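Notes follow once the structure below has been shown.
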Amino acid sequence: MGKLVLIDGMSILHRAFYGVPLLTNGEGLHTNGVYGFLNIMFKILEEEQPDYLAVAFDVKAPTFRHQLYKEYKGTRKEMPSELSEQIPVMKEMLSAMGIEMCEQPGLEADDILGTLANAAERDAHQVALVSGDRDLLQIASDSIRILIPKTKKGHTEVETYYAKDVEAAYGVTPKVFIDLKALMGDTSDNIPGVPKVGQVTATQLLQQFGTMDNLYAHVDEVAKKSVRESLIANRDLADLSRVLATIKTDGDIRLDYEKAKAGNYYTPEAYLLCKKLELKSIIKRFDEVSTQISAKENKYALEVIEDFGRAEDLFAQLLRGGEAPEDENACGKFQDESAQDPLRTVGSQNGMPETDEPLLGAFLLREKNRIYAMALSDGTDAWVLPVQGFLTQEYLTDQLRKLSEKERLSLFGIKDYYPCLNEDRVDAYSDLIIAAYLCNPLKNDYDSVSVAREYLDMTIPALSELTGKKSLSAVWEELPQKLYSYAADQAFTAFRAYMPLMERLQSMEMMKLYREMEMPLSLVLYSMEKEGVIARKEELAVYGEALQGRITQLEQAIWQQAGREFNIQSPKQLAEILFEEMKLPGGKKTKTGYSTAADVLEKLAPEYPIVKDILEYRALTKLKSTYADGLSAFIQEDGRIHTIYQQTVTATGRLSSTDPNLQNIPMRTELGRQIRKVFVPKPGYVFMDADYSQIELRVLAHMSGDEHLIEAYAMSEDIHRITASKVFHVPFEEVTDLQRRNAKAVNFGIVYGISSFGLSQDLSIPTKEARAYIDQYFETYPGIKSFLDQMVQDAKDLGYAMTMYGRRRPVPELKSNNFSQRSFGERVAMNSPIQGTAADIMKIAMIRVWQRLKKAGLESRLILQVHDELVIETKESEVEQVREILYDSMKHAAQLQVELQVDLH
Numbered sequence: 001m002g003k004l005v006l007i008d009g010m011s012i013l014h015r016a017f018y019g020v021p022l023l024t025n026g027e028g029l030h031t032n033g034v035y036g037f038l039n040i041m042f043k044i045l046e047e048e049q050p051d052y053l054a055v056a057f058d059v060k061a062p063t064f065r066h067q068l069y070k071e072y073k074g075t076r077k078e079m080p081s082e083l084s085e086q087i088p089v090m091k092e093m094l095s096a097m098g099i100e101m102c103e104q105p106g107l108e109a110d111d112i113l114g115t116l117a118n119a120a121e122r123d124a125h126q127v128a129l130v131s132g133d134r135d136l137l138q139i140a141s142d143s144i145r146i147l148i149p150k151t152k153k154g155h156t157e158v159e160t161y162y163a164k165d166v167e168a169a170y171g172v173t174p175k176v177f178i179d180l181k182a183l184m185g186d187t188s189d190n191i192p193g194v195p196k197v198g199q200v201t202a203t204q205l206l207q208q209f210g211t212m213d214n215l216y217a218h219v220d221e222v223a224k225k226s227v228r229e230s231l232i233a234n235r236d237l238a239d240l241s242r243v244l245a246t247i248k249t250d251g252d253i254r255l256d257y258e259k260a261k262a263g264n265y266y267t268p269e270a271y272l273l274c275k276k277l278e279l280k281s282i283i284k285r286f287d288e289v290s291t292q293i294s295a296k297e298n299k300y301a302l303e304v305i306e307d308f309g310r311a312e313d314l315f316a317q318l319l320r321g322g323e324a325p326e327d328e329n330a331c332g333k334f335q336d337e338s339a340q341d342p343l344r345t346v347g348s349q350n351g352m353p354e355t356d357e358p359l360l361g362a363f364l365l366r367e368k369n370r371i372y373a374m375a376l377s378d379g380t381d382a383w384v385l386p387v388q389g390f391l392t393q394e395y396l397t398d399q400l401r402k403l404s405e406k407e408r409l410s411l412f413g414i415k416d417y418y419p420c421l422n423e424d425r426v427d428a429y430s431d432l433i434i435a436a437y438l439c440n441p442l443k444n445d446y447d448s449v450s451v452a453r454e455y456l457d458m459t460i461p462a463l464s465e466l467t468g469k470k471s472l473s474a475v476w477e478e479l480p481q482k483l484y485s486y487a488a489d490q491a492f493t494a495f496r497a498y499m500p501l502m503e504r505l506q507s508m509e510m511m512k513l514y515r516e517m518e519m520p521l522s523l524v525l526y527s528m529e530k531e532g533v534i535a536r537k538e539e540l541a542v543y544g545e546a547l548q549g550r551i552t553q554l555e556q557a558i559w560q561q562a563g564r565e566f567n568i569q570s571p572k573q574l575a576e577i578l579f580e581e582m583k584l585p586g587g588k589k590t591k592t593g594y595s596t597a598a599d600v601l602e603k604l605a606p607e608y609p610i611v612k613d614i615l616e617y618r619a620l621t622k623l624k625s626t627y628a629d630g631l632s633a634f635i636q637e638d639g640r641i642h643t644i645y646q647q648t649v650t651a652t653g654r655l656s657s658t659d660p661n662l663q664n665i666p667m668r669t670e671l672g673r674q675i676r677k678v679f680v681p682k683p684g685y686v687f688m689d690a691d692y693s694q695i696e697l698r699v700l701a702h703m704s705g706d707e708h709l710i711e712a713y714a715m716s717e718d719i720h721r722i723t724a725s726k727v728f729h730v731p732f733e734e735v736t737d738l739q740r741r742n743a744k745a746v747n748f749g750i751v752y753g754i755s756s757f758g759l760s761q762d763l764s765i766p767t768k769e770a771r772a773y774i775d776q777y778f779e780t781y782p783g784i785k786s787f788l789d790q791m792v793q794d795a796k797d798l799g800y801a802m803t804m805y806g807r808r809r810p811v812p813e814l815k816s817n818n819f820s821q822r823s824f825g826e827r828v829a830m831n832s833p834i835q836g837t838a839a840d841i842m843k844i845a846m847i848r849v850w851q852r853l854k855k856a857g858l859e860s861r862l863i864l865q866v867h868d869e870l871v872i873e874t875k876e877s878e879v880e881q882v883r884e885i886l887y888d889s890m891k892h893a894a895q896l897q898v899e900l901q902v903d904l905h
């Protein structure tokens, strides 16, 4: 006697798929169903501790029930491709874990489960049957328990049913439960049921008559006329439904208990697959396996060097092997801006990276500013040098700098290494994180673990797997050998993954983009981060006090209008006040109550002063917490904020800013604009600020080649007024402010693939009117409509959208069966080439500005980039030189059919 757990594979995968938000791995494979399934399975195994485990799946071959249903209602609803692609992956995972799978042509999964459960009960086993299908409640008994998991937001709860629980919940025994399903039907299970007979009515009828057969024998006794007539008219449907609802318990299938015996499911094969699928929370269960896998796979000779003399010999050997390139045209060098192509040909004549020079993978094991060890690898050997004795942090970083002057280095996250490198040789370094990002900008991370798996088919442990909840210093003290191996893996991966990534970039025609834009930009960003920007802490405090004063006024005013005090920041309490007590119109009810989202309140604000005050209160409390209070925490000892620019986050290529985000300083309100006054230049300097005017719209004009839009820009007039004049057929001088505002919304909306519904929301006009605006716009600028349609078609054909400079953005959503996802994909296909090209132009401008400032030997420094805007902390005596460099570099960063306009202050 033992305990058997049986899992309805397809049912649980289906439930997990819809219970967990869509996830994909680096290769674009959807994984949320597999992830949810494994979470459910592990939860069940931990709670049940079974002796045996098996998972049942349907076979594609049609079953009797499939055929029967088809005769009455046609084919079943097609499964989403995002789910169907996960079925073979799920089976591969179960196989890797050594879990027995049961399939048989002619039997559906629930028939297999019913047969195996009944057989196990006869053999005196206890059975836990896991399914999302309530049909299986019909086989519950005193020794067969049905477990029905529910997954919400990644959390799993399980309902449990023995026979007595079925009767308590549904008012009928498990056997009669078949009749209940037959009468009431179940659309999710393709059981039609009897019209006008729901669950309550079906339960009452079966409690009165006992069974469906007895009900039909006494159907004339059914009191309610409409129900009685429906039962009589649909007897064939009731019989069909009962056949569809009945689970076979005597199928021709048996369980091999030896193969189903519970064992260790955390196998090396399963670990590797979890790594491939990027199931990070599942990977944590494989602690012991990860170490074994890493040691087995990573074939290099590891030498831990603790002796200073041996270290000196190693560096002498390595430094003799490398010679600095003499090519003055190496990528990353300053380029004459008169050139038509802002990106030059790089590498050898066919664009392939040079491979005959020495190359080293390098890694620094560190925590904040403390370095624990340095690792180097040439792909055959790996050397780890721990910081100890004469091998000081200063000595090792000095040796790395000397190597950087001779060697070509391959690294992960080059901005962290620039303090230890020769900055003049950026062309000799490779950041594999940036390279991997360019190859697939949709991933969540591009760390060494991900790169090793994707490009080397190799598994290395992440640092978090080795340290767990311990600090790096604690692990260093307890298990330094573990960290030696980890550091060697990093350096080895950095070396080995270099060529596969370069070859991938070359095949995708992005080598120039990588070498001439992204790698030089990494040095520019490092320099900007190091420089930082002064922020006055005292003024932030004063600003915060001013905000708090206004917040307190608004709080009192809101309470007075509401008639009582309440928590204004509580959506629940706010909804009660506005829509239940004050009875304001337009309340949008959700599952958790009335919505108090901004779009709901903004519609009410013009008519109701309390709502206007609430919106201002929200805006000011956010300003205070995010900026007045939040920014203070980031001011360092030098009085500056050193934001971090993220180069590998957005799918379009735009930069983002974190810790803190300085690209999101509000500018729409006077209080928001005052935040900028907190940022000041150092004494003897001024801020010089330049931004591109309407760069994305100008890029659209160039890329679409639309003659009318190009002509409009050539007129050097107000582009939105020109558009309004053309779209609304009125003379330029007679365009009203409203017409210009509407034209402006369409101009910028078109860039983002705006829909008529979206435009109607932006302008507060009917959808039909918004549709007419868009149609008129496309009639005015026909080349734009053709261009956008072509962008969508190209993305469908190629699988990606592309900027003028060859940057690719995959658009997998275009292949989705889901209409909303496909529509999103179409908007992405229209917008990415435009937004991405604008981002690329800004990057070219940044590189040129930074390099020209450096070449001229100026003390002024580029310190901030805010999307289309650059800020230079400019020495007062260098203002005219900087003005010329900044204006000229930005204006001529790209050669377009329309002139780039730069506003400089």
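Mind the numbering: the sequence shown is residues 1 to 905 in this note's numbering, read in order.
Where is the CB? At the ideal position from N, CA and C, for every residue including glycine.
Note that the structure is a prediction, hence the values are computed from the model and not measured.
Hey, residue i and residue j are a contact pair by Cβ (cut 8 Å); roughly how many whole angstroms apart?
i    : j    : result
V166 : M90  : That pair is no contact at about 29 Å.
A238 : L183 : 6 Å
I283 : K275 : 6 Å
I562 : I610 : The displayed chain sequence assigns Ala, not Ile, to residue 562. That belief holds up - the Cβ atoms of A562 and I610 are roughly 7 Å apart, short of 8 Å.
L29  : E85  : 7 Å
L403 : L318 : 6 Å
I885 : T648 : Their Cβ separation, rounded to whole angstroms, is 28 Å, which puts I885 and T648 out of contact at 8 Å.
V176 : L206 : 6 Å
M890 : A701 : The pair is not a contact, with the Cβ atoms about 18 Å apart (cut-off 8 Å).
Going by DSSP in three states, residue i sits in which element: helix, strand or coil?
i    : result
E869 : strand
K333 : Residue placement at K333 is poorly supported in this model, since its pLDDT is 42, which falls under 50; the coordinates are not used for a value here.
K718 : It should be noted that the sequence gives Asp, not Lys, for residue 718. Residue state, collapsed to three classes: coil.
P812 : helix
R366 : strand
S377 : strand
R883 : helix
Q897 : coil
G309 : helix
S933 : In the structure as shown, the chain starts at 1 and stops at 905, and residue 933 therefore has no counterpart that could be examined.
D629 : helix
L45  : helix
T211 : coil
A245 : helix
I635 : strand
I7   : strand
Tell me residue i's beta-bridge partners as DSSP assigns them.
i    : result
C102 : A56
Q388 : L391
R408 : L359
K958 : Within the shown structure, residues of the chain are numbered from 1 to 905, placing residue 958 beyond reach of any answer.
I534 : R640, V680
Y938 : Here the chain comprises residues numbered 1 to 905, so residue 938 is not present and cannot be evaluated.
Y685 : K875
W383 : E303, L376
T24  : H30
I146 : L129, Y161
I191 : D186
*Inter-stretch contact (C-beta, 8 Å, three-pair minimum) for the region 593-603 and the region 620-638*: no
*asked:* Would you call the region 856-865 in contact with the region 817-829, where contact means no fewer than 3 C-beta pairs closer than 8 Å?
replied: Judged by Cβ distances under 8 Å, the region 856-865 makes no contact with the region 817-829, as fewer than three pairs qualify.
*Runs of beta strand (DSSP E) wholly within the region 513-592 (minimum 3 residues, chain order)*: 533-535
_Entirely enclosed alpha helix (DSSP H) segments - the region 414-475, minimum 4 residues_ = 432-439, 448-456, 463-467
*Would you call the region 761-769 and the region 741-750 touching, i.e. three or more CB-CB distances under 8 Å?*
yes
*Can you list the alpha helix (DSSP H) stretches of 4 or more residues lying completely in the region 725-804, in chain order?*
737-751, 756-763, 767-780, 782-798
*asked:* Check whether the region 708-728 and the region 660-674 touch, using three or more Cβ-Cβ pairs below 8 Å as the test.
replied: Fewer than three pairs of CB atoms, one per stretch, sit closer than 8 Å, so the region 708-728 makes no contact with the region 660-674.
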